[in-house]
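K.L.:
Could you have a look at this structure, given as structure tokens, before my questions?
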Amino acid sequence: MPDDVIFVSELPHTATGKLLKRDLRDEYKEHLIKSGE
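When you line the sequence shown up against the numbering used here, it's residues -3 to 33, in that order.
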């Protein structure tokens, strides 16, 4: 089971449709740090 679930309306992706995991990590970094405390 995941510790957290975040619902978003859109996910960042490249021109070929691949998910930009780096951008997701950067955008939600603070949320992950707060939930890890």
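By construction, the Cβ of each residue, glycine as well, lies at the ideal position given by its N, Cα and C atoms.
Predicted, not measured: the structure shown is a model, and the values here were computed from it.
Run through DSSP, which three-state label would residue 28 get?
P.N.:
The residue given as residue 28 occupies position 32 in the sequence shown. Helix.
K.L.:
Within its chain, find whatever has a CB closer than 8 Å to the CB of residue 9; leave out the 5 residues flanking it on each side and keep chain order.
P.N.:
As a working mapping, residue 9 is identified with position 13 in the sequence shown. If we look at residue 9 and ignore the five residues flanking it on each side, its Cβ neighbours are 15, 16.
K.L.:
So for residue 15, helix, strand or coil by DSSP?
P.N.:
One-based indexing of the sequence shown puts residue 15 at position 19. Reduced to three states, the DSSP call for residue 15 is strand.
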